[in-house]
Amino acid sequence: MNAEITPQEYEAFKKFLQDACGILLGDNKQYLVKSRLRRILEDNHLKSLGELLDRIKRPGRTNLKEVVIDAMTTNETLWFRDNHPFRILQEKLLPEFAESKSMQPLRIWSAACSTGQEPYSTAMVIDEFRRSRPGKLRDVKITATDISKSVLDVARRGEYEMIAIGRGLSPERQKQFFTASSNGGWQIKPQIKSMVEFRELNLLDRYTLGKFDIIMCRNVLIYFSAELKRDILTRLHAALNPGGYLILGASESLNGLSDLYQMVQCHPGIIYRKK
Numbered sequence: 001m002n003a004e005i006t007p008q009e010y011e012a013f014k015k016f017l018q019d020a021c022g023i024l025l026g027d028n029k030q031y032l033v034k035s036r037l038r039r040i041l042e043d044n045h046l047k048s049l050g051e052l053l054d055r056i057k058r059p060g061r062t063n064l065k066e067v068v069i070d071a072m073t074t075n076e077t078l079w080f081r082d083n084h085p086f087r088i089l090q091e092k093l094l095p096e097f098a099e100s101k102s103m104q105p106l107r108i109w110s111a112a113c114s115t116g117q118e119p120y121s122t123a124m125v126i127d128e129f130r131r132s133r134p135g136k137l138r139d140v141k142i143t144a145t146d147i148s149k150s151v152l153d154v155a156r157r158g159e160y161e162m163i164a165i166g167r168g169l170s171p172e173r174q175k176q177f178f179t180a181s182s183n184g185g186w187q188i189k190p191q192i193k194s195m196v197e198f199r200e201l202n203l204l205d206r207y208t209l210g211k212f213d214i215i216m217c218r219n220v221l222i223y224f225s226a227e228l229k230r231d232i233l234t235r236l237h238a239a240l241n242p243g244g245y246l247i248l249g250a251s252e253s254l255n256g257l258s259d260l261y262q263m264v265q266c267h268p269g270i271i272y273r274k275k
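Going by the numbering used here, the letters in the sequence shown line up with residues 1 to 275, in that order.
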């Protein structure tokens, strides 16, 4: 993309992105758009953002639309990101559900899971809990969703380069939960991989995933407008079982939905229980 993005093109792209996936681009983010879409324009022999938007609107261009959304929503992630949610899971939630759901499956949803680090980190904590409490939580299913097909492909493979492994994963857990692959990467072990099911899902769409005891929706609501945040949080509430828990990112809040959720202080960290 050699030409500068005009104000009209930028406003049109902001509207397209918000309508397509809810992301609300701020002002003066033209540099971000240019850097993330440059390769797409080159591959499709397009000279401007306006030409790209025109091409997307043509019939039969669904794949190009998905590629653009993919480029704008793909983000870096970490193993055990922020740490507190996983400590809360290990010390509070798993012991609680181990007693209350001794004969029922425990269902967890990792929303906006990116390349799989969050749901696999969750599965590792569950595996460690099971070994410390034999016979408890024998039936656990983690559903992990993302809008991006490319990151879901990486997550489903469960194989990561060393640079990705080193971002938040301790050497002890690397040794315990991964095996070295022939191409120099690291493959997550079957007992962890089998706990997680990956599915493509746009948080703006209707959910048909069933009910969950724990929903992790972290570091994604910050990209949405206040109206969309409330809508998503309301629908997440409907997807929780009675007494279920919602875990948000450290900088995210409920936006005044105190009639739906009860704040639970975990010192440190905050989670929200369905009322």
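Glycine included, C-beta positions come from ideal geometry on N, C-alpha and C. This structure is a prediction, so every number in the text was calculated from the model and none was measured.
- A distance below 7 Å between beta-carbons, with the five flanking residues on each side excluded, links GLY185 to the following residues of its chain, in chain order: GLU159, TYR160, GLU161.
- For PHE86, same chain residues with a beta-carbon under 8 Å away, outside a window of 5 residues either side, are PHE80, SER121, THR122, VAL125 in chain order.
- Less than 8 Å divides the Cβ of ILE5 from the Cβ of LEU49.
- In the DSSP assignment, MET216 forms a beta bridge with SER110, ILE247.
- Between the alpha carbons of ASP27 and PHE178 lies a distance of about 42 Å.
- Within the same chain, ALA226, LYS229, ARG230, LEU233 come within 8 Å of ASN255 by CB-CB distance, once the 5 residues on both sides are set aside.
- Taking a C-beta distance under 8 Å as the contact criterion, SER110 and ILE142 qualify as a contact pair.
- ILE188: member of the beta strand (DSSP E) spanning 186-188, first to last residue.
- According to the DSSP secondary-structure assignment, MET263 is paired through a beta bridge with TYR272.
- Judged by DSSP in its simplified three-state form, ILE5 adopts coil rather than helix or strand.
- For GLU200, the enclosing beta strand (DSSP E) covers residues 196-200.
- Under the Cβ criterion (8 Å, minimum of three pairs), the segment 232-251 counts as touching the segment 206-217.
- Classified as buried, GLN117 has 16 or more neighbouring CB atoms from the shown chains inside 10 Å of its CB.
- Per the coordinates, the alpha-carbon of LEU37 lies some 47 Å from the alpha-carbon of ALA98.
- Contact between the segment 245-263 and the segment 53-61 is absent: fewer than three C-beta pairs spanning the two stretches fall below 8 Å.
- Of the residues assessed, TYR245 falls on the buried side of the cut-off, its CB having 16 or more other CB atoms within 10 angstroms.
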